[in-house]
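Participant: Submitted below is the structure of interest, expressed as structure tokens.
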Amino acid sequence: MKEQQMDKNITSPTSSLTRPVMLASGNSVATDGFVDYGVSNDAFSTLQIANDKFIVTRADINESLEDIFSIECFAYINLVKNPLYENLESIYNDNAQTGIYRYLDKGMKLSIKRPSSTNKSIIPGNNGSDHIYFSGIVSDVEYLGVDDDSSTNIDKKYFFKFKLTSSLYRLSINRANRIYTDQSVLEVVKEILSFNKQRLTKELDFSNIKNSYNKKEFIAQYNESDLAFITRLCHDSGIYFYEDNEKIYFHDTFILAYSNQAEGLVQSEPSNGKEARKVSFNVNLNNNLASEHINKITKSETLKANSFTHSFQNTAYPNVLESKNEKIFDEQVNIYDKHINLDEYSFSDTRLLEVSTYLKKLRSDMLLKEFIASSNVFALNLNDNISVAIDQSSGEYEFKIIAIKHTYIDESVLENTLNLGDNVPLKDKKFISSYTNELSIIPSSVKFVPSYKQKPKAPDITLGLVVGQDGLNSQINTIHTDSYGRVKVRLNAFSTQEQIDKDDTINASYHKSAYLRVITPIASNSSGFFAIPRVGDEVIISFLQNDIDNPVVSGSLYNASNMPLVNVDNNYHQTSLSSKTIGANETGINEITLSNLKNKEQIYVKAEKDYDELVNNDFSQTILNDKSSQVHGSYTERVKKAHIQTIDLAKNVNVGGEYLTTVGLSKDTVVGVSNTLNVAVDDTTRVGQDRHEFVGNDKFVEIKSNLNTTIHNDETKEIKGTKEQNIDGSYKLNSQKGINEFSNEHIVLQANNYIDINAKSNLTTKTAAQHTEMADSKYSEIETTYEVNAKNEIIHQVESTKVTINGASVVIEVGGIKAIFDSMGLRVIGGDIKAL
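Per the numbering used here, residue 201 is the first one in the sequence shown, and the count goes up by one each step.
Right, dumping it as structure tokens:
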């Protein structure tokens, strides 16, 4: 019931906010999405939001080259329906697009009219306009009340307080994590503004950017709004931006000048080239003439650092420490130095020392030369120059406006429009109509430098996945790196942002980083440990000096999809250094594993393919028990000097195929007891020259088959004892020339059967003493001549019959009868000579 009574004048719960009845006229013009319902711009200061136009009673406006503009504005509108009730209805109907919420994040146009109290003596400027215009959005809305809720008037005045600001404010609401690689600061700023262009309502003007900014390997936006991020990038690079009613302007503070490969800094040209606007100076606070002038200029100074040093360690050459110093004053002034050390991160992206130190110097110098001026001069513009004659004898001083605080009050619009029941106390009420401002100004010769913006605090650590050039899954377990052993990582803190941005119609990729350096236990070309994380590895990311732009890979983690190569359930006791064969589906592994169970301690080394060792000096190996070695292929060993083996017990060599030993010089084999050589098939010994064999005692040779010996030259044997040969078969001796056998004692030829002596030519038998032949019978068959020569005598005897021949006679003895033939003739002794 209470709600019905409050809303007794409302005829339809869904009716929209009506146009201001009191201010309506017949003309209507649509511009930039706004509808002008005929409220004369010359009559009042107005605020137009969407299709509704408000009358402004007060506006506090802050403009600065440091930040986007902000306005706190009090205004009212004539409506039929109470917006508070509409707001309640929208809550119950779950419709945030009606009621008071219809103004939030909507475009606005604010027109501030020069108050009538300050129009008697106007300083020329702003193209002679009597209005200041601001366009942007509504960031806050507060409903203040109605003039008289009990009035029976159809329309009432509803009062609001608005906070108005630049459309860039929309970029301050989000929080984003993005990575930009191989882009300059200016390129990143333009990219962010480009994909936010639907949120911006003004043209972007980069015509005053004179610098050519170098590309950086890595720029991170972390837990920052887009506005905070681009502000930090711009300000820390000497770029500032501001806006007017139509454009957003970007300016360089200084210009990098390159000459003979030396870098230098020069101040940029004036930002707009406009002629300075002349402004009078009058300290008379009464200002009876209501003239526009500056009435007060103040200045404050604070003792701060006046010298700035930036030092760093050169990444490529860590032994080189570099620094740059910039001072505001000469050496005669006390020097208060602010030293900042920020080491380089990249091998190829070298920071420019001059930029940060020069900016800090200029900033400190600017703050010392900043003035605050109070005035009522209307329509002054940010970043414009003004000329002020503070002392007539000293001439004019030219200043640049770097900030303006406008205060506009015009309650005169309420004087003739209040109803008798308005909720405005009229007793002793004085309607104020005024405009004042406070200016932050610097001499025009001094360059404006925005304040340095701190980077967001980097997380202590964050996680990521190593990625390749073409993605993750297709290149898993591969290595993608550069010449410094760095890897690219998908940082988890940034990867989700890509999907968010794509859902927001932004086509960008932020999840891959630049190449990141990898921390190892020891990194040196003198000593060290080297391993490159592979695509798909989960890694820990740390940040050098807590700098969000200086990430490094500091470690890695196992997970359910990337388990240890050691089976933890069964081999938790093992310590392993292992490396898989590179490739998405490869299973090979190189491994060094230490097992640490009591009495089962083991070091296991596995080479998936080749295993190479290089020892530049000695290699010593001690095995206190057994050693087993198995080679499935060939075993090649080369010893360039001596090879010494000492085997205290036994050595057993089993060769399944061939066994080849090549000795370039001599070979000595010393066997303490016995040497047995077992050859299953053939045994071949080749000696290029002489062969000597020494047997300390007996030598036994057993040949189960034939013995074939070929001697291409002579054979000499020396037998100190007796030689005996037992031949079960026959013995055959063939000689192409002669056969000579010599014995100092005797030679015995003995056969159990017969002995055949066969010569195709002569047969000579010669003895120095007795020649004896003993046989059961003897047969001689001589085809030609048989000749027997004896120097003494020849005796032929058969039992008692005997023939004796000497040089003098022939004696034949038969049966006791002896016949003698000599020089005396024939004589017969013991018998007669008979004729037959």
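Cβ coordinates follow ideal geometry from the N, Cα and C atoms, glycine included.
Remember, predicted model here, so these are calculated numbers, not experimental data.
1. Throw me the rounded Cβ distance for the Arg-563 and Val-646 pair, which I believe falls under 8 Å.
2. Could you give the DSSP three-state label for Ala-658: helix, strand or coil?
3. In three-state DSSP terms, what is Leu-404?
4. For Ile-602 versus Ser-651, is the C-beta distance shorter than 8 Å?
5. Run through DSSP, which three-state label would Asp-565 get?
6. May I ask you to report which of helix, strand or coil DSSP gives Leu-744?
7. Determine, using beta-carbon pairs with one atom in the stretch 354–364 and one in the stretch 269–277, whether at least three such pairs fall under 8 Å.
8. In whole angstroms, give me the CA-to-CA distance for Thr-258 and Thr-607.
9. Nearest by alpha-carbon distance to Pro-721: which of Ser-713, Lys-524, Ala-731 and Ile-277 is it?
10. Whose CA, out of Met-763, Val-256, Tyr-804 and Gly-857, lies closest to the CA of His-331?
11. Taking Tyr-343 as part of the alpha helix (DSSP H), name the residues at either end of that continuous run.
12. Let me know the secondary structure DSSP gives Ile-957 once reduced to three states.
13. What did DSSP end up calling Asp-901 once you bin it into helix, strand or coil?
14. My assumption, with CB atoms under 8 Å, is that Ile-995 sits in contact with Val-988. Please give the rounded CB distance.
15. Output the distance between the C-alpha atoms of Asp-737 and Lys-415, rounded to the nearest integer angstrom.
16. Would you give the residue range spanned by the beta strand (DSSP E) that Ala-573 belongs to?
17. What do you get for Phe-529, buried or exposed, if any count of 16 or more other CB atoms within 10 angstroms of its CB means buried?
18. Give every residue of the same chain whose Cβ lies closer than 8 Å to the Cβ of Thr-869, excluding the five residues on either side of it in the sequence, and list them in chain order.
19. Can you find the residues in the same chain that come closer than 7 Å, C-beta to C-beta, to Gln-745, ignoring five residues on each side of it along the sequence?
20. Look up Glu-541 in the DSSP assignment and say whether it is helix, strand or coil.
21. Could you spell out where the beta strand (DSSP E) holding Asp-737 opens and where it closes?
22. Suppose you measure from the CA of Thr-1001 to the CA of Gly-1030; what does that come to, to the nearest Å?
23. Taking 6 Å as the limit between beta carbons, can you name the residues of its chain near Tyr-303, skipping five residues before and five after?
24. Report yes or no: do three or more beta-carbon pairs, one from the stretch 742–757 and one from the stretch 655–672, lie closer than 8 Å?
25. Less than 8 Å between the C-beta atoms of Glu-570 and Ser-587, yes or no?
26. Can you grab the Cα-Cα spacing for the pair Tyr-422 / Pro-656, in whole Å?
27. Under the three-state reduction of DSSP, which class applies to Asp-382: helix, strand or coil?
28. So the beta strand (DSSP E) Ala-428 belongs to, where does it begin and stop?
29. Using a Cβ-Cβ cutoff of less than 8 Å, which residues in the same chain neighbour Asn-616 once the five nearest sequence positions on both sides are dropped?
30. So which of Ala-969, Ser-943, Pro-315 and Leu-433 has the shortest CA-CA distance to Lys-991?
31. Given 8 Å as the limit, is there contact between the stretch 439–457 and the stretch 404–414, that is, 3 or more CB pairs closer than that?
32. Can you list, in chain order, the residues of its chain with a C-beta nearer than 8 Å to that of Arg-375? Leave out the 5 residues immediately preceding and following it.
33. Between which residues of its own chain and Arg-690 is the CB-CB distance below 7 Å, once the five residues before and five after are set aside?
34. Who pairs with Gln-675 in a beta bridge, going by DSSP?
35. Applying the 10 Å Cβ sphere with the 16-neighbour rule, what's the burial state of Thr-401?
36. Using only the alpha-carbon positions, how far apart do Val-346 and Tyr-333 sit?
Facilitator: According to the data block:
1. Contact flag wrong, Cβ pair sits at about 11 Å.
2. For Ala-658, the secondary structure class from DSSP, reduced to helix, strand or coil, is coil.
3. Leu-404: strand per DSSP, three-state reduction.
4. Going by C-beta atoms, Ile-602 is not nearer than 8 Å to Ser-651.
5. It is helical.
6. Here DSSP, grouped into helix, strand and coil, assigns Leu-744 to helix.
7. Contact holds between the stretch 354–364 and the stretch 269–277, because three or more Cβ pairs, one in each stretch, are under 8 Å apart.
8. Residue 258 is actually Arg in this sequence, not Thr. Distance between the alpha carbons of Arg-258 and Thr-607: 8 Å.
9. Among Ser-713, Lys-524, Ala-731 and Ile-277, the Cα nearest to that of Pro-721 is on Ala-731.
10. Residue Val-256 is the option with its Cα nearest to His-331.
11. Where Tyr-343 is concerned, there is no enclosing alpha helix (DSSP H), although the beta strand (DSSP E) it sits in stretches over 331–346.
12. DSSP places Ile-957 in coil when its eight states are reduced to three.
13. Here residue 901 is Val; the residue named in the question, Asp, does not match the sequence. Assignment of Val-901 by DSSP, reduced to helix, strand and coil, places it in the coil class.
14. The Cβ separation is near 11 Å, so there is no contact.
15. A direct Cα-to-Cα measurement between Asp-737 and Lys-415 gives close to 29 Å.
16. It spans 571–575 - the beta strand (DSSP E) in which Ala-573 sits, taken as one unbroken run.
17. Label assigned to Phe-529: exposed.
18. Hits under 8 Å: Asn-875.
19. Residues Leu-542 and Asp-543 of the same chain have their beta carbon placed closer than 7 Å to that of Gln-745, with the five preceding and five following residues left out of the count.
20. The question names Glu, but residue 541 is Asn in the sequence shown. Here Asn-541 sits in strand by DSSP.
21. No beta strand (DSSP E) holds Asp-737; DSSP gives it neither H nor E.
22. Looking at the backbone, the Cα of Thr-1001 and that of Gly-1030 are separated by about 14 Å.
23. The beta carbon of Tyr-303 sits closer than 6 Å to the beta carbons of Ile-249, Val-338 and Val-341 from its chain, once the five residues preceding and following it are set aside; these are given in chain order.
24. At 8 Å Cβ cutoff, the stretches touch.
25. Annotated as distal: Glu-570 and Ser-587, with beta-carbon spacing of 8 Å or more.
26. Using only the alpha carbons, I get a separation of about 7 Å.
27. Coil, per DSSP.
28. Counting along the chain, Ala-428 falls outside any beta strand (DSSP E), though it belongs to the alpha helix (DSSP H) covering 426–436.
29. Unreliable placement is indicated for Asn-616, whose pLDDT of 48 sits below 50; the coordinate value is still reported in the next sentence. Closer than 8 Å at the Cβ level, and outside the excluded window around Asn-616, lies no residue.
30. Proximity to Lys-991 across Ala-969, Ser-943, Pro-315 and Leu-433 peaks at Ala-969, based on C-alpha coordinates.
31. Output reads yes: the stretch 404–414 touches the stretch 439–457.
32. Within the same chain, Cβ atoms closer than 8 Å to the Cβ of Arg-375 are found at Asn-423, Glu-424 and Ser-425, the five residues on either side in sequence being excluded.
33. Result list for Arg-690: Gly-664, Leu-665, Val-667, His-711 and Lys-712, in chain order.
34. When DSSP reads this structure, Gln-675 sits in no beta bridge, so it has no partner.
35. The residue is buried, with at least 16 neighbouring Cβ atoms inside 10 Å.
36. Roughly 27 Å between the two C-alpha positions.
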